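Engineer: Please find one structure pasted underneath; my questions will follow.
Residue numbers (the working numbering): 95 to 177.
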């Protein structure tokens, strides 16, 4: 679960998230119900199901976030935890 907000909203297309052998734009992860994460200007809890997104649950390795060069987006992460 990631508790996150953006300065302007829409930042889900501005960075990628790598975990457990999977790297995707944050917007490309599939949530329960088949929707995709949308970052708004208010904090929200986003739960990314690990197995359906190809994330290795038994050996997740490191968590990494990458932002596009030349971009100037701002996100704020209040909490990250695994369930």
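In this text, a Cβ means the ideal position worked out from N, Cα and C, and glycines have one as well. Just so it is clear, the structure is predicted and the values come from calculations on it, not from any experiment.
What is the rounded straight-line gap between the Cα of residue 139 and the Cα of residue 171?
Structural biologist: 10 angstroms
Engineer: In terms of alpha-carbon separation, which member of 163, 157, 136 lies closest to residue 102?
Structural biologist: 136
Engineer: When you compare only the Cα positions, how much space is there between residue 163 and residue 110?
Structural biologist: 12 angstroms
Engineer: In the structure shown, what three-state DSSP assignment does residue 110 receive?
Structural biologist: strand
Engineer: What three-state label does DSSP hand residue 139 in the structure shown?
Structural biologist: Strand.
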